[in-house]
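A.B. asks: Pasting a structure here, questions to come.
2 protein chains.
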Amino acid sequence: MFSTIIDPKNSGFPPHFAPPALKLPSGRIISQTPAILNHVAPKFGLAGEKEGEDEEEARSTVNQLVLTALDLNNETHDTHHPIDVGDYYANQKEAAIAKTKAYRASRLPKFLGYFEKVLESNPEAKTNGGTYLVGSTTTTADLVLFQVLDGVSFAFPRRIAALKKSGKYDKVFALKERVGGESGIKEYLTSGRRQKYSEGIFRHYEELDGEE
Amino acid sequence: MFSTIIDPKNSGFPPHFAPPALKLPSGRIISQTPAILNHVAPKFGLAGEKEGEDEEEARSTVNQLVLTALDLNNETHDTHHPIDVGDYYANQKEAAIAKTKAYRASRLPKFLGYFEKVLESNPEAKTNGGTYLVGSTTTTADLVLFQVLDGVSFAFPRRIAALKKSGKYDKVFALKERVGGESGIKEYLTSGRRQKYSEGIFRHYEELDGEE
């Protein structure tokens with residue numbers, strides 16, 4: 749387990765602000781989720797399938813979409829800790845209820861609408877089924893959006909059911925199904941190796957959920 | 749001016765969630781500050797001075813530090829909009845006062861302490877004056893930390909004065925002086941071309957500032 753500020757004596761330079769962190773084969777440790785994903789994406793064929801001069805640009809586009817999906821992740825976290833990340837939920841419940849109302853009504857639909865537009869406007873959407881954010885191969889952007897949607901569905905099942913029913917975000921929900929059914933990911937999800945949601949970023953509090 | 753979701757018909761694929769965005773020579777537009785910085789850093793010699801196999805790793809380390817400085821940026825923004833980014837400050841002032849109290853007491857010192865540790869533990873600190881986050885050349889991480897410190901100093905002058913006086917973050921404040929005095933940056937800062945702080949991320953509300 750990482751301490752919040754990892755001791756540089758044990759982890760090399762620089763120290764790290766918070767988990768997660770990844771140790772590279774060289775011994776160097778990289779923290780910050782988007783930095784880790786951007787570093788490993790090309791090594792696993794998850795940075796868009798372009799080659800040559802276009803490779804770096806496709807990688808940055810994937811990075812851009814990862815960062816936006818993680819912005820939704822962070823806003824979702826903040827719904828239950830709007831005042832002080834170092835204090836208990838119970839001590840900021842009133843503010844959490846107010847923040848979550850705005851999140852459910854405005855922020856969440858705005859993010860889903862944005863990703864629906866990305867999926868719709870992918871030039872390859874007509875031939876790939878419309879569930880790939882970039883090109884026609886799985887990228888880290890697809891994986892992060894899948895994970896965030898899964899977490900939001902755990903935290904706000906009533907709101908997500910209503911948004912699904914609206915029919916406005918069909919491609920976004922189809923992406924979630926497609927990624928969750930991919931070979932390897934499907935087996936992982938049902939393996940028991942995946943940590944259950946509990947007191948982390950995605951929390952289910954009945955009083956924070958609602959159809960609207 | 750960008751609309752919030754840039755129309756893909758006018759900006760190519762994909763659309764963008766929010767400004768800023770940068771148009772590349774190829775015509776492709778990249779949004780999300782960390783994605784833009786990570787894309788351009790190597791082209792301007794701002795990604796650490798390593799070469800060969802170590803180049804990508806140094807770039808990712810710089811990216812990691814940029815992301816952490818931007819986390820402080822985002823938490824600073826949220827002090828005046830803790831409940832609803834779509835509503836006025838006046839309508840969430842009480843929650844803002846509560847959030848800012850925790851920000852001033854815990855979050856801000858935690859970030860400054862982290863960057864002080866990074867500066868201290870840079871293996872080249874003994875020979876470069878100790879004001880470079882990575883190696884001995886200016887990186888995007890230095891530039892972002894400078895900008896965030898500058899904004900926080902505008903928003904919370906009393907708190908920053910007290911933190912400066914504590915002597916615990918001398919290297920961090922020395923970095924701010926060093927970057928602000930660099931050739932090119934110095935001229936820009938005094939040129940009148942730089943936008944003044946007003947109703948953006950960094951806002952000064954007397955009731956949100958304090959020595960502690």
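Respectively, the protein sequence lines represent chains W and G.
What the first sequence shows, in our numbering, is residues 749 to 960, in sequence order.
What the second sequence shows, in our numbering, is residues 749 to 960, in sequence order.
Even glycine gets a Cβ: it sits at the ideal position worked out from N, Cα and C.
Would you mind sorting GLY796/W into buried or exposed? The rule is 16 or more other CB atoms within 10 Å of its CB.
C.D. replies: buried
A.B. asks: Check the Cβ-Cβ distances between ALA922/G and every residue of chain W, and say whether any is below 8 Å.
C.D. replies: no
A.B. asks: Could you compute how far the alpha carbon of ASP957/W sits from the alpha carbon of PRO905/W?
C.D. replies: 7 Å
A.B. asks: Helix, strand or coil for LEU785/W? Go by DSSP, reduced to three states.
C.D. replies: It is helical.
A.B. asks: So does the region 875–889 of chain G actually touch the region 829–837 of chain G, counting three or more Cβ pairs closer than 8 Å?
C.D. replies: no
A.B. asks: Measure the alpha-carbon distance for SER751/W versus PHE765/W and round it to whole angstroms.
C.D. replies: Since pLDDT at SER751/W reaches only 46, below the 50 mark, its modelled position is unreliable, and the value read off the structure follows with that caveat. SER751/W and PHE765/W: Cα-Cα distance of roughly 9 Å.
A.B. asks: For PHE765/W, return the contacting residues in chain G, with the cut-off set at a CB-CB distance below 7 Å.
C.D. replies: THR816 and TYR862
A.B. asks: Where does SER869/G sit, in a helix, a strand or coil, going by DSSP?
C.D. replies: helix
A.B. asks: With 8 Å set as the bound, which would you pick, yes or no: does the beta-carbon of ILE949/G sit closer than that to a beta-carbon of chain W?
C.D. replies: No, ILE949/G lies away from the interface with chain W (no Cβ there is under 8 Å from its Cβ).
A.B. asks: Cβ atoms of THR888/G and ALA769/G: under 8 Å apart, would you say?
C.D. replies: Cβ atoms of ALA769/G and THR888/G: not closer than 8 Å.
A.B. asks: Would you verify that the beta carbon of LEU794/W is, or is not, closer than 8 Å to some beta carbon of chain G?
C.D. replies: LEU794/W does not count as touching chain G.
A.B. asks: Quick check: the Cα distance between VAL892/G and ASP819/G, rounded to an integer number of angstroms?
C.D. replies: 11 Å
A.B. asks: Nearest CA to the CA of GLY948/W: which residue from SER939/W, LYS874/W and PRO767/W?
C.D. replies: PRO767/W
A.B. asks: With DSSP as the reference, label GLY939/W as helix, strand or coil.
C.D. replies: In the sequence as displayed, the identity of residue 939/W is Ser instead of Gly. SER939/W sits in coil when the DSSP states are folded into three classes, being neither helix nor strand.
A.B. asks: Would you verify that the beta carbon of ASP832/G is, or is not, closer than 8 Å to some beta carbon of chain W?
C.D. replies: Closer than 8 Å to some Cβ of chain W, the Cβ of ASP832/G qualifies, so yes.
A.B. asks: Taking the C-alpha atoms as reference points, what is the distance between ILE908/W and GLY861/G?
C.D. replies: 40 Å
A.B. asks: Is there a C-beta anywhere in chain G that falls below 8 Å from the one on ILE908/W?
C.D. replies: no
A.B. asks: Excluding five sequence neighbours on each side, which residues of the same chain lie with their C-beta closer than 7 Å to the C-beta of ARG852/G?
C.D. replies: PHE904, ARG907, GLY958 and GLU960
A.B. asks: Whether or not the region 806–821 of chain W and the region 770–787 of chain W are in contact is what I'm after, with contact meaning three or more pairs of Cβ atoms, one per stretch, closer than 8 Å; do they touch?
C.D. replies: Taking a cut-off of 8 Å for Cβ pairs, the region 770–787 of chain W and the region 806–821 of chain W touch, as three or more such pairs fall below it.
A.B. asks: Is it buried or exposed for LYS771/G, if we count other Cβ within 10 angstroms and need 16 for buried?
C.D. replies: exposed
A.B. asks: If you run the structure through DSSP and keep just helix, strand and coil, what is ILE777/W?
C.D. replies: strand
A.B. asks: Given this structure, state the Cα-to-Cα distance separating SER872/G from VAL866/G, to the nearest angstrom.
C.D. replies: Residue identity differs from the one stated: residue 872/G is Glu in this sequence, not Ser. If I take the Cα positions, the gap works out to 11 Å.
A.B. asks: For ARG807/G and TYR953/G, I'd like the C-alpha separation in whole angstroms.
C.D. replies: 37 Å
A.B. asks: If we ignore side chains and look at the alpha-carbon of each, how far apart do PHE792/W and THR781/W end up?
C.D. replies: Cα to Cα, PHE792/W sits roughly 16 Å from THR781/W.
A.B. asks: What is the rounded straight-line gap between the Cα of GLU925/G and the Cα of LYS934/W?
C.D. replies: 52 Å
A.B. asks: Under DSSP, the alpha helix (DSSP H) around LEU820/W begins and ends at which residues?
C.D. replies: First-last of the alpha helix (DSSP H) with LEU820/W: 802–828.
A.B. asks: Please tell me whether THR809/W has its Cβ less than 8 Å away from any Cβ of chain G.
C.D. replies: yes
A.B. asks: Quick one: which residues of the region 770–798 of chain G get their C-beta closer than 7 Å to a C-beta of chain W? List them in chain order.
C.D. replies: LEU772, SER774, ARG776, ILE778, SER779, GLN780, PRO782, ALA783, ASN786 and HIS787
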